[in-house]
Amino acid sequence: MSAQKHHRESFAAASRIDVDPTTGQEPGMSSRQVRWPFDLGLPDAATFPRSAFLELAERTLAEAEPSLFYGGPGRAGIARGHAGLRSALTERIGAAASSAPGIDGIMLTSGAAHAIELVWRALLRDGDVFVVEAPTWGASIRIGRALGAEPLAIPMDRDGMRIDVLERRLAGLKAAHRRCRLVYTIADYNTPTGWSLSLARRRRLLQLAVEYDFLVIEDRVYAELRYDGPVLPSMSTLEGSDRLITVGSFSKTLAPGLRCGWLSARPDLVDIVAGPREDLGSSQLTGRILEHFVRSGRYDQHLSQITHIYRSKRDTVVASLREHCGDTVRFDVPHGGMFLWIELAEQVKGELVMHHTAREGVLCKPGDSFFGDGGNHQQWFRMAFTMVSEPELVHGVRVLGEAIRRSM
Ligand SMILES: Cc1ncc(COP(=O)(O)O)c(C=O)c1O
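Per my numbering, the sequence shown runs over residues 5 to 412.
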């Protein structure tokens, strides 16, 4: 089996784990039939800097002190993760802000999903309200619901979450003697829409956090995948950021298989989130390898290479959609991230499209999976463009266009 086919099949197999049974994605489909996995927001495996990692893994294993083979020094060291990587990350965060967070203001986790789960577990109780964007990353809703908390979905427009709507809803909650504990925003290149929260709204959100006493969780997993458009500052650089928890990850820029993410906040908040942690920390050895990768400047080099590649893929997918789908679809061209959020024209029967595309080996993610409200969002779907090669993108979009026409 060729390496490319192997990767495609293992990612396709992962897509079945990713499938939400309530979305109605084609059941019983074998991974071999998935030729165009546009449903997966993942990096292109061909971009992974294998030789740099080989060299750094060898160096790390040759030099590593015994604590690297265990959990790191002391209980706090174990929970917070590899100190060198935390320090390298705070320097990167600090380069964009007026001051760097101290090393106690950052904790490594097994990916951003783990960071979010830890925050939700530490902050949400049965009956609490938490705010999400509509649409958003579905797992954020599921994790909160599993804790008995109630998601409050605030609609988005091209400037991100509608903060005016949020403000009205917060006032309503207060009048009903209820409180919102946290507001979750994918402020840069949200999944699935690709939209970002404007600077004015970032500022207002942090002010509201003081007025209504909640914490803001800023998920920055896509923030460094910028292709063009405005540069928006992380909320950690803005006034009021003491009510902010920032979440980041190497999953979208390097590889989700590293399972390395982090959260950054006031040290006392990090303590609260770390408190209930019983998992004995994230990998110290991976932490050391990534520290070398970041400190040597190779991470920044890698980011500029992949943004070049993904910008070109974005342009290719946009041109192909215009050519092969014409006015059966509407979408905005995203300035960053991994996704196109596609609306089907009225004459297309949305409920049929995913069925037809899946039969042809094209998987996209149905709109319903980003709302969690039980509503009907079948005229929308998310298409990821980063993982599939450019020629396959063109081919896959042609097949998608045919499936859409068959659904009219
Ligand atoms: C918005 C968002 N946050 C977090 C995650 C999880 O990332 P990680 O692989 O770092 O756990 C994802 C993955 O799909 C995501 O889309």
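Glycine included, C-beta positions come from ideal geometry on N, C-alpha and C.
Keep in mind that this is a model prediction, so the values were computed, not measured.
- Around residue 252, the same chain offers 224, 266 as residues with beta carbons nearer than 6 angstroms, after the five sequence neighbours per side are excluded.
- Beta-bridge annotation (DSSP): residue 346 is paired with 385.
- Taking the C-beta atoms as reference points, residue 163 is found no nearer than 9 angstroms to residue 271.
- Comparing C-alpha distances from residue 298 to each of 257, 121, 349, 393 shows the shortest one belongs to 257.
- Assigned with DSSP and collapsed to three states, residue 154 falls in strand.
- For residue 225, the three-state secondary structure derived from DSSP is coil.
- Taking residue 311 as reference, the option from 291, 328, 341, 289 with the minimal CA-CA separation is 341.
- Under DSSP, residue 40 takes part in a beta bridge, and its partners are 366.
- Taking a cut-off of 8 angstroms on C-beta distances, the region 117-136 does not touch the region 344-357, as fewer than three cross pairs fall below it.
- Taken in chain order, the complete beta strand (DSSP E) segments of 3 residues or longer contained in the region 253-329 are 265-268.
- Look at residue 239 here: in three-state DSSP terms it is helix.
- At a Cβ-Cβ threshold of 9 angstroms, residue 76 and residue 285 count as neighbours.
- Assignment of residue 391 by DSSP, reduced to helix, strand and coil, places it in the coil class.
- Residue 48 is a Cβ neighbour of residue 314, given a cutoff of 9 angstroms.
- Residue 188 and residue 148 have their C-alpha atoms roughly 11 angstroms apart.
- Relative to ligand 1, residue 216 has its C-beta separated by 8 angstroms or more from all heavy atoms.
- Per the DSSP secondary-structure output, residue 164 pairs in a beta bridge with 161.
- The Cβ neighbour count for residue 74, taken over all protein chains shown within 10 Å, is under 16; the residue is labelled exposed.
- The C-alpha of residue 43 lies about 16 angstroms from the C-alpha of residue 139.
- When the beta-carbon positions are compared, residue 243 and residue 210 come within less than 9 angstroms of each other.
- Across the structure, residue 264 and residue 291 are spaced so that their CA atoms are roughly 8 angstroms apart.
- In this structure, residue 206 sits near residue 191, with a CB-CB distance shorter than 9 angstroms.
- Put simply, the backbone Cα of residue 408 is about 23 angstroms away from that of residue 375.
- Counting C-beta atoms within 10 angstroms of its own C-beta, residue 55 has fewer than 16 neighbours from the protein chains shown and is therefore classed as exposed.
- Shortest gap from the CB of residue 53 to any heavy atom of ligand 1: 8 angstroms or more.
- 9 angstroms or more divides the Cβ of residue 394 from the Cβ of residue 328.
- Counting only residues of its own chain and dropping the five nearest sequence neighbours on each side, residue 324 has a CB closer than 6 angstroms to the CB of 398, 401.
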